[in-house]
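Here the structure is laid out as C-alpha cells; the discussion comes afterwards.
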Amino acid sequence: MRPSSNWPQAIGGVFFIGLALAGLWLNQSYELGTTRRMGPGYLPMLVFLAMAALGAAIVVASLRRPRAALEPTRWRSPLAVVGAMAAFTLLIESLGLAAAVAAATLLVSIAAGDFRLLRAIALAVFLAAFCWLVFVNALDIGITLFPALR
Amino acid sequence: MLDNLTLGFSVAASLENLGACLLGVLLGTAIGVLPGIGPITTISLLLPLTFGMDPATGLIMLAGIYYGAQYGGSTTSILMNLPGEVSAVVTAIDGYKMAGKGEAGAALAAATIGSFVAGTLATLLIAAAGPALAKVALAFGPPEYFSLVLLGLIVSAVLGPGSAIKSILMVLAGIALSFIGTDLQTGEPRFTFGVRELYDGVGFTVMAVGMFGIAEIIRCMERPPAAAPAIAAPARLWLTPQQWRRIVGPVLRGAGAGSLIGMLPGGGASLAALGAYALERRAGRNRRLLGSGAIEGVAAPESANNAAAQTGFIPLLTLGIPPNAVMALMVGALMIHGIQPGPRMLEGQPAIFWGLIASMWIGNVMLLFINLPMIGLWVRLLRIPGTLLYPAILVFCCMGIYSMNYAALDVLLAAGFGIAGYFLVKLGYPPAPMLIGFVLGPMLEENLVRSMLLSRGDWAIFVERPVSAATLLLTVLAVAVMALEGRRGGRPVAQDD
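The following block contains the structure:
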C-alpha cells in the first residue's frame, strides 16, 4: 500500500470483500432458481455481490484519501472481556453458577483498572448471590450454584 | 377513538401492567443515567424474560425502558456535561452551561416538563394516525411491502450516523446473517455449516447484546477511570413565569419535529434531538442565545427525543416495519408470542395496540414524579465506579444470554459479536443498521419471492404499482439528496439508535 493510503479504511473494505467472497462461495450449494421462481440462493447472491461492490468502493476511496490515524487499541480490555465470557462458557455447566460468575467478575475487574483484590472478591460474591436470587430462585432456571449442592 | 382509548386504559391500568410500566420506566431512567449501557442492550437482555409475560405486559415494559431512558439521559447531561445517552448529547450544550449559572434546577424542570408535554402529544398522534395508516396498509401486497422494506433499509442507512456506504454495508451484513438458518420458502437449511444449533438462525438477543452491550463495555473499559464527581442536587426544581413563557414554543416545535423524525426510517430519539436543536437555531425567537445556556436549547431537544421514542411505534404497529434498531427489538418481543406486527394487529390484537399507547401516557406521568423529586437519588447512581459497574453488566449479559436457551455456546457467540462490533465501530461502521437488516432481511426475501411469482418474473411490477413506484422514487430521492449534500464524512458513529 502506498504511504499516503488510509489503511484503516482499506482494512474495513477488505473485510467486507472477504465476507462477500466467502458468502458467494458457500452460496454455490444452494439453488439460484429463476427470476420467476427464486431459489434459496437468489437473494444471498444479490446481497453478497452488492457487499463485494461496496467493499471495493471503500478500498478504492481509501487509496485517495489522506492517511488517518486509528484510535489506539488497549488490547487489555477486549482480551479481558472475551476471556471472561469464555471462562463463563466453560464453567457454567461444569462447575456451576458461582464459579462462572466469580471467574468472569475477577477477569473484568483486573482489566477495568484500579484493581483491589478484596473489593473484587466482594463484588463476585455479591453478583453470584444476586444472579442466584434473580435467575435461579425467581425465574427458576436450571443452573446450580455449586454442583455439590445439586 | 374514544372507545379505543377506553379499552387501552382498561388494559394499561391493570395491576400487572401498571407494575410492568413502572418497572420499565425505572429501569429506563437508571440506564439513561448510567453511561455504558443503553436502551438497546437493556431491551435485548430483557427480551427473553418477556416470554413468560402476557404480550401486552412485555411490550409495555420494554417501551417504558426506551422512553424512560430519554428522561434519564438528560439528567447527567445537564448536571455534569456527561450525556448518559446519545440522544441527550445536544442537551449538554445549553444544559451544562445553565447548570454553571446556577440554573440546573430550571434546566432539569424544563427537560422533564418538555418531555412530558411532548410525550402526551405523541401519544395522541399515535392514537389518531395509527388506525388510519393501518387501514391503508391493509391494501398493500408483496410488491408494496418489498419497496417499503427497501426504503426502510436504505433510508435508515443513509440518514443514520456515519458514512452512508458503511451503513449500507452493515445493513447487507445484517441481511446476510438473517440467511443463516432454515430457508422459509423451501425448508432447506442455509449457511448453517451443519451446526444443528444454527438451524433456527442466529439468536436475536445474542447478536444485539454482543454488538451493543459487550462492545460498549469494551469501549468503556478503555477509557481511564474517572474520579466519581461530587454533585449536589439542585435546590429549586421549578420554572419562573418568564421561563415558562420561553419554553412553550421550543417544546411544541420539538414535539412536532421529534414526532416526525421518530417515524422516519433511521430516525429515532438521537436524530430527533439533533433535528429539534437545529430547528430551534433557525426558527427560535431566542436563537442567538442558544449555546450560551439558553433554556430553549434544553427544552427543544428533550421534548423531541421523547416524542420520537414514542412515534417510532407508528410504522412498527401499522406497517410492521421497524424504523430503527430499538423498534427492531420490539419486533422480536412480539414474535416470541407468535404475533406478527403490522396492519392486522390492530384488528386481531386491539388490546395490545391500545394498551401500549395508553401505557405510554401513564408512563410519562410516572416519569414526571420519578424524575423531579427523586433526582438526587439518580445522580447518586453515578458514584458507582466503573470497576464495579462493568463486571456487573458483563455478568448480567452472560447470565441473560445463557438463561435463554441454556446454550453455553451462545455466550461465546455473543463475545464474537462483541469483538466484531468493537472493531467495526472503531473503523466507522455503525452497529444499528445491522440490527435493522437482520430483522428486515426475511421480510425483504419473502416479499421479493412472492412479487416475482405474481409478476411471472417481471421486475417491472415494482414500478407499475403506484404505491410501490412512489416508495422507490422516495428511496432514490433520499439517496440522491444525501449524495449531493454528501462528500461530508457523516456524523460520528453513535452507539444507540
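From first to last, the protein sequence lines stand for chains A and B. Read in my numbering, the first sequence has 36 at position 27, and its numbers run on one by one without any break. Read in my numbering, the second sequence has 81 at position 91, and its numbers run on one by one without any break. Where is the CB? At the ideal position from N, CA and C, for every residue including glycine.
DSSP places B:N295 inside the alpha helix (DSSP H), whose first and last residues are E286 to T301. Here A:M47 carries a strand assignment [DSSP, helix/strand/coil]. The beta carbons of B:A99 and B:L372 sit about 20 Å from each other, so the pair does not count as a contact at 8 Å.
Our two residues, A:S71 and B:L143, have alpha carbons roughly 25 Å apart in a direct line.
Secondary structure of B:T40 (DSSP, three-state): helix. Contact between the region 32 to 42 of chain B and the region 265 to 274 of chain B is absent: fewer than three C-beta pairs spanning the two stretches fall below 8 Å. CA-to-CA, the gap between B:M320 and B:V126 works out to about 22 Å.
Following the DSSP letters along the chain, one finds B:F343 inside the alpha helix (DSSP H) bounded by residues P340 to N361. Annotation for B:V469: I144 and V148 place their beta carbon closer than 7 Å to its own, counting only its chain and skipping 5 residues before and after.
Note: A:G42 is bridge-paired with A:M47 in the DSSP secondary-structure output.
Ranking B:G257, B:I68 and B:P313 by CA distance to the CA of B:K91 puts B:I68 first. At a cut-off of 8 Å between beta carbons, A:R73 makes no contact with chain B. With contact defined as three or more Cβ pairs closer than 8 Å, the region 171 to 188 of chain B and the region 284 to 298 of chain B are not in contact.
Distance check between B:G28 and each of B:S77, B:R278 and B:A405 places B:S77 closest, using alpha-carbon atoms only.
At least one CB atom of chain A sits nearer than 8 Å to the CB of B:Y419.
Cβ-Cβ separation between B:A297 and B:A108: approximately 4 Å, consistent with a contact (criterion under 8 Å). For the region 118 to 141 of chain A, the set of residues with a beta-carbon nearer than 9 Å to any beta-carbon of chain B comprises S118, A120, A121, G122, D123, F124, R125, R128, A129, L132, A133, F135, L136, A137, F139 and C140, in chain order. Residue nearest to B:G54 within the set B:P45, B:V15 and B:G62 is B:V15 (criterion: CA-CA distance). Considered as a whole, the region 70 to 127 of chain A harbours 85 to 103 and 106 to 120 as its complete alpha helix (DSSP H) runs of no fewer than 4 residues, in chain order. The three-state reading of DSSP puts B:P179 in strand, counting E and B together.
CA-CA distance, B:C11 to B:M51, rounds to 5 Å. Take B:T172, set aside five residues on each side of it, and the residues of its chain with a beta-carbon closer than 6 Å to its own are P179 and Y189, in chain order. B:W351 places its beta carbon less than 8 Å from that of B:T110. With its beta carbon at least 8 Å from every one in chain A, B:R455 lies outside the interface.
In the DSSP assignment, B:G411 falls within the unbroken alpha helix (DSSP H) covering A398 to K416. For B:D(-7), not one C-beta of chain A is nearer than 8 Å to its own C-beta.
About 4 Å separates the beta carbon of B:A318 from that of B:V429, a gap short enough to meet the 8 Å contact definition. Setting aside the 5 residues that flank it on each side, A:G32 is surrounded in the same chain by F57, each with a C-beta closer than 6 Å to its C-beta; the list follows chain order. Spatial neighbours of B:L138 in its own chain (CB-CB distance under 7 Å, excluding positions within 5 residues in sequence) are listed in chain order as L309, I311 and T461.
The three-state reading of DSSP puts B:G131 in coil, since its state is none of H, G, I, E or B. Within the region 177 to 198 of chain B, those residues whose Cβ lies closer than 9 Å to any Cβ of chain A are, in chain order, E178, R180, F181 and F183. At a Cβ-Cβ threshold of 8 Å, B:P420 and B:P133 do not count as neighbours. Contact note: B:G447 reaches chain A through T43, T44 and R45, using a C-beta cutoff of 7 Å and chain order. Bridge partners of B:G239 according to DSSP: none are assigned. Residues of the same chain with a CB within less than 6 Å of the CB of B:M88, apart from the 5 flanking positions on each side, are A97 and G283 in chain order. With a 10 Å radius around the Cβ and a threshold of 16 neighbouring Cβ atoms, B:Y396 comes out exposed.
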